[in-house]
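Asks: By UniProt numbering, the letter at position 73 of the sequence shown is numbered 73, and the numbering carries on one by one without gaps.
All residues carry an ideal CB built from backbone N, CA and C; glycine is no exception.
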Amino acid sequence: MAPVRNSRVLFNSIPEGTRASRRCCNKIIGYPVLGETLLVDHAKTIDLDTVSLEGGKVLVKTVAISIDPFLRLHMSRSGRHHGTAYHLGETIYNFQVVKVLRSGRDLFKPGQHLYGVGDFVEYQVLSDPSKWTALPEEQSIPWSVYLGAAGMPGKTAYFGWKVGANAKKGETIYVSTAAGAVGSMVVQLAKAAGLKVIASAGQEAKLEFLRELGADVVFNYKTTDLANVLEEHGPLDICWDHVGGDTLATVISNMKDFGRILVMGFTAAYNAPPASVTNLGLVLVKRLTLRGIAVGDHEAQYAEEFYATVPAKLAKGELKYKETVVRSLDEVPQLFIDVQKGNNTGKAVVVLDD
Numbered sequence: 001m002a003p004v005r006n007s008r009v010l011f012n013s014i015p016e017g018t019r020a021s022r023r024c025c026n027k028i029i030g031y032p033v034l035g036e037t038l039l040v041d042h043a044k045t046i047d048l049d050t051v052s053l054e055g056g057k058v059l060v061k062t063v064a065i066s067i068d069p070f071l072r073l074h075m076s077r078s079g080r081h082h083g084t085a086y087h088l089g090e091t092i093y094n095f096q097v098v099k100v101l102r103s104g105r106d107l108f109k110p111g112q113h114l115y116g117v118g119d120f121v122e123y124q125v126l127s128d129p130s131k132w133t134a135l136p137e138e139q140s141i142p143w144s145v146y147l148g149a150a151g152m153p154g155k156t157a158y159f160g161w162k163v164g165a166n167a168k169k170g171e172t173i174y175v176s177t178a179a180g181a182v183g184s185m186v187v188q189l190a191k192a193a194g195l196k197v198i199a200s201a202g203q204e205a206k207l208e209f210l211r212e213l214g215a216d217v218v219f220n221y222k223t224t225d226l227a228n229v230l231e232e233h234g235p236l237d238i239c240w241d242h243v244g245g246d247t248l249a250t251v252i253s254n255m256k257d258f259g260r261i262l263v264m265g266f267t268a269a270y271n272a273p274p275a276s277v278t279n280l281g282l283v284l285v286k287r288l289t290l291r292g293i294a295v296g297d298h299e300a301q302y303a304e305e306f307y308a309t310v311p312a313k314l315a316k317g318e319l320k321y322k323e324t325v326v327r328s329l330d331e332v333p334q335l336f337i338d339v340q341k342g343n344n345t346g347k348a349v350v351v352l353d354d
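1) To which residues of the same chain is Trp143 closer than 7 Å at the C-beta, ignoring the five residues directly before and after it?
2) Does DSSP put Thr247 in a helix, in a strand, or in coil?
3) Could you give the residue range of the beta strand (DSSP E) that holds Phe258?
4) Pick out whichever of Leu147, Met264 and Tyr307 has its Cα sitting closest to the Cα of Gly292.
5) Mapping DSSP to helix, strand and coil, what is Val277?
6) Is there contact between the segment 231 to 241 and the segment 162 to 177, where contact requires at least three CB pairs shorter than 8 Å?
7) Given this structure, state the Cα-to-Cα distance separating Leu155 from Val295, to the nearest angstrom.
8) Is Asn12 buried or exposed, if buried means 16 or more other CB atoms sit within 10 Å of its CB?
9) Nearest to Thr91 by CA position, among Gly118, Asp47, Asp216 and Pro69, is which residue?
10) With a Cβ-Cβ cutoff of 9 Å, do Ser184 and Phe219 count as a contact?
11) Do you know how far the Cα of Val145 is from the Cα of Thr50?
12) Can you give the beta carbon distance from Gly346 to Thr324, rounded, assuming they're within the 8 Å contact cut?
13) Excluding sequence positions up to five away, which residues of its chain have a Cβ less than 8 Å from the Cβ of Leu34?
14) Can you have a look at Val349 and say buried or exposed, based on whether 16 or more other CB atoms are within 10 angstroms of its CB?
15) Given that a residue counts as buried once 16 or more other Cβ atoms are within 10 Å of its Cβ, and exposed if not, what is Thr45?
16) Can you name the start and end residues of the alpha helix (DSSP H) that Glu204 belongs to?
17) Between Leu88, Pro274 and Ala192, which lies nearest to Gly244 when the distance is taken from Cα to Cα?
18) Is the segment 244 to 258 in contact with the segment 185 to 193, if contact means three or more CB pairs nearer than 8 Å?
19) Can you name the start and end residues of the beta strand (DSSP E) that Ser103 belongs to?
20) Here's a check: name, in chain order, each residue in its chain whose Cβ is nearer than 7 Å to the Cβ of Asn166, leaving out the five neighbours to either side.
21) For the beta strand (DSSP E) that Lys347 lies in, which residues bound it at each end?
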């Protein structure tokens, strides 16, 4: 067979924002720019029949790739998050599902689907296949869902709920950016546990999704003041926060004594100057628990339980999810920007092969 095209997505420039914004906080900030931050390169080719698999390597075709908000943290000059920062001129990477085409080791067979972290390319040779997990071939959910509700975001919600919520029936929880892949799962876990759920999102379609999930109080954080909502419907026993900054400060002021705040992200500081949280003294006064949750810390304890439970519930419709799907690497730069600006609903994913 003749060589085939092997397109890839390159990290081309650091999003630096305006000079004024850089002066205000001495940090490199700014939203990604279409046509500048990420570029799609179609020049590479690969011969699928002859590429070497010496040393137990595995040749795979990329099926689906995850686009997550935290990828922005790979794009600063000095930042490190979830691994090594992206390097200028090189291919970006993230969680994905791939299909084995040829295998240089017995562990994986052609036709199998694997889950792991790989490059944004159409085809790739896995030099260390041991870092990849074989997915069940008998399943009734799309492969892309293993990047969302049945993957890292779903596990973030499931693990975090297990280790940090300590929820009791009748308590009140606030979930920020609740229509996302993690937040929407948390809303459903909280309702199943008998909690009153306050949930926010930034678009009407997202608010409607939250109503479908059973959230008790739903509001648009762009047009409605969080403090007013919590004054009317709080105080809170639990907060599940992806935003940080002013949102976290408002939440702290509206927590009950001995409340739990679970921090999953700080999107308010991904593309803009970080806001100071000046009321941390209330953490002591109210004896609050403020805990960061990293999914990898709890993989060994809860992953088996998660995979035995959640994919089946998703297949039966007992747990619901939404996806924003694009179907080519050419659409990655725009989708990445949409995710940073909150213009997607649910899990953002690139599907290259159904």
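Replies: Taking the coordinates as given:
1) Val63, Ala64, Val97 and His113
2) helix
3) Met255 to Val263
4) It is Met264.
5) coil
6) yes
7) Note that residue 155 corresponds to Lys in the displayed sequence, not to Leu. The straight-line gap from Cα to Cα measures roughly 7 Å.
8) Counting other Cβ atoms within 10 Å of its Cβ, Asn12 reaches 16 or more and is therefore classed as buried.
9) Gly118
10) no
11) Whole-angstrom Cα-Cα distance: 32 Å.
12) 6 Å
13) So the list reads Pro333, Gln334 and Ile337, once near-sequence residues are dropped.
14) buried
15) exposed
16) Glu204 to Leu213
17) Pro274
18) no
19) Going by DSSP, Ser103 is part of the beta strand (DSSP E) stretching over Tyr93 to Ser103.
20) Once the five neighbours on either side are set aside, the close Cβ partners of Asn166 are Arg260.
21) For Lys347, the uninterrupted beta strand (DSSP E) segment begins and ends at Lys347 to Val351.
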